[in-house]
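Asks: Structure incoming, see below.
There are 2 protein chains.
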Amino acid sequence: MALPKHIGFIPDGNRRWAVNRGMGKQDGYAFGIEPGLQLYEQCKALGIEEVSVYGFTQDNVKRPSEQKHAFSQACVHFAEEVTRRGCALLVVGDEDSEQFPAELRHFRKRHSSGIKVNFLVNYGWKWDLAGMKQGDIRSSDVSRLDMVVRWGGGRRLSGFLPVQSVYADIYVVDDYWPDFMPEHLDQALEWYSRQDRTLGG
Amino acid sequence: MALPKHIGFIPDGNRRWAVNRGMGKQDGYAFGIEPGLQLYEQCKALGIEEVSVYGFTQDNVKRPSEQKHAFSQACVHFAEEVTRRGCALLVVGDEDSEQFPAELRHFRKRHSSGIKVNFLVNYGWKWDLAGMKQGDIRSSDVSRLDMVVRWGGGRRLSGFLPVQSVYADIYVVDDYWPDFMPEHLDQALEWYSRQDRTLGG
């Protein structure tokens, strides 16, 4: 089976998941950390070389402060735990902003080796592309994406790494992100292996 | 029903359609013109303000010359006929290349008024974004896309206007483009009206 080298993940649906369970919208994010670690272990075991994960965006920080605090904390916890588990973490996002968690500043450069994890934190597609005015996009250390998997049913990229996504096959899972199951990735990979890829040639 | 203001169309599958009918790959493109005109009339009647259509890309011109000649001719015919029918045509693509059809040079600027049709001819996403080094993307006269409809079953954007597509809802039709039916657009619009759009906020 042809495996993608680089997969993007859009873990959407935390808020809808929480509301469905009678919790506040902001309570959903904490339930997204453990699924993220499971997915990370699954990718590592499969031999995937690089993954990119949507944390939060510069659009998302327009939300109410309790949500902002919750998703920012969830991102810090995920980043710390995934590093402890031996990945080569790169955080991609605008660190010249008070919305950027100070704990993650160290990871704006990739330090270690191992499976590459690119984590988008206070990321904005405009911020990313504006780097071209100084020579190159700001996410230039992130390679081309082979596949993007999105949870929560939305059939769109929502500004996720527009340059790296140009040829990516997009797979949508209708389940909300906190309901992640390893079968979701299995099915996405099986689907990916059946796609015809010509890159326009 | 919430109508999109701006829809992108990726009319893929001409070659597979031709091969399935025992024709040469290059013979499929001519069968894509009439469906394009039908779709244009349908959009105009619905009151859609702007449409963007994939003609061919700088990647596509790496194909055998008989294919290149066929899709280039089909694009010229489509552009001429759609202009005759009163649209405000803008051709977006690298005109500083022998692959760019001379007949379309006049349309690199939008002249007339009416429903806006942006037609991507010898377009490349790298060419488009490289404009930022001189101040702005080269497709800056093309507005943000609300929805992208792709025929031929591929679940990817293939470099289609990456900046304008960041928030677009992507609808995929499995039929090949020459088998276009008005019901495809009806179904896409019905689906679009049910999508939840927050633009990240």
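Protein chains in written order, with this note's numbering: chain F, 211 to 411; chain G, 211 to 411.
For glycine and all other residues, C-beta sits at the position ideal for the given N, C-alpha and C.
Remember, predicted model here, so these are calculated numbers, not experimental data.
1. Mind checking the segment 379-403 of chain G against chain F and listing, in chain order, the residues whose C-beta falls within less than 9 angstroms of any C-beta there?
2. From the DSSP secondary-structure annotation, give me the bridge partner or partners of F:Trp361.
3. Using a threshold of 9 angstroms, state whether the C-beta atoms of F:Leu330 and F:Pro214 are closer than that.
4. Taking just the CA atoms, how far does G:Ile220 sit from F:Ile325?
5. So G:Gly369 and G:Thr267 are in contact, right, with Cβ under 8 angstroms, and what is the actual spacing, rounded?
6. Along chain F, in chain order, which residues have C-beta atoms closer than 9 angstroms to that of G:Tyr377?
7. Going by other Cβ atoms of all chains shown within 10 Å of its Cβ, with 16 needed for buried, is F:Gly232 buried or exposed?
8. Would the C-beta of G:Asn328 count as close to the ligand ZN, meaning under 8 angstroms from any of its heavy atoms?
9. Could you tell me the distance, in whole angstroms, from the CA atom of G:Glu291 to the CA atom of F:Gln309?
10. Say whether the segment 327-344 of chain G touches the segment 252-271 of chain G, bearing in mind that this needs 3 or more beta-carbon pairs closer than 8 angstroms, one atom from each stretch.
11. Here's a check: name, in chain order, each residue in its chain whose Cβ is nearer than 7 angstroms to the Cβ of F:Asp222, leaving out the five neighbours to either side.
12. Less than 6 angstroms between C-beta atoms, sequence neighbours within five positions excluded: which residues of the same chain meet that for F:Ile243?
13. Can you check which of these residues, F:Ala255, F:Asp351 and F:Leu339, is closest to F:Phe317 by C-alpha distance?
14. Just the chain G side, please: which residues come within less than 7 angstroms of F:Met342 by C-beta, in chain order?
15. Using a Cβ cut-off of 9 angstroms (strictly closer), state whether G:Pro372 contacts chain F.
16. Output yes if chain F places a C-beta closer than 9 angstroms to the C-beta of G:Gln309; else output no.
17. Does the beta carbon of G:Trp335 sit closer than 9 angstroms to a beta carbon anywhere in chain F?
18. Return the bridge partner residues of F:Tyr333 from the DSSP annotation.
19. Whole angstroms is fine: what's the gap from F:Cys297's alpha carbon to F:Lys254's?
20. Taking the runs of the alpha helix (DSSP H) that are 4 residues or longer, which of them lie wholly in the segment 217-258 of chain G?
21. Closer than 9 angstroms, CB to CB, is F:Gln405 near chain G or not?
22. Within the same chain, show all residues whose beta-carbon is closer than 7 angstroms to that of G:Lys278, passing over the 5 residues directly before and after it, in chain order.
23. Just to confirm the assignment, what range does the alpha helix (DSSP H) spanning G:Ala312 have?
24. Between F:Leu314 and the rest of its own chain, which residues show a CB-CB distance below 7 angstroms, the 5 nearest in sequence each way excluded?
Replies: The relevant details are as follows:
1. Asp379, Ile380, Tyr381, Val382 and Trp401
2. F:Val383
3. no
4. 35 angstroms
5. 6 angstroms
6. Arg366, Leu367, Ser368 and Gly369
7. exposed
8. No copy of the ligand ZN occurs in the structure displayed, which carries no ligand at all.
9. 52 angstroms
10. yes
11. Arg360, Trp361, Gly362, Gly364 and Trp387
12. Ala284, His287 and Phe288
13. F:Asp351
14. Leu339, Met342 and Lys343
15. yes
16. no
17. yes
18. F:Thr267
19. 9 angstroms
20. 224-230 and 243-256
21. yes
22. Val271
23. Unbroken run through G:Ala312: none, as it is neither H nor E.
24. Val286, Ala289, Val301 and Val331
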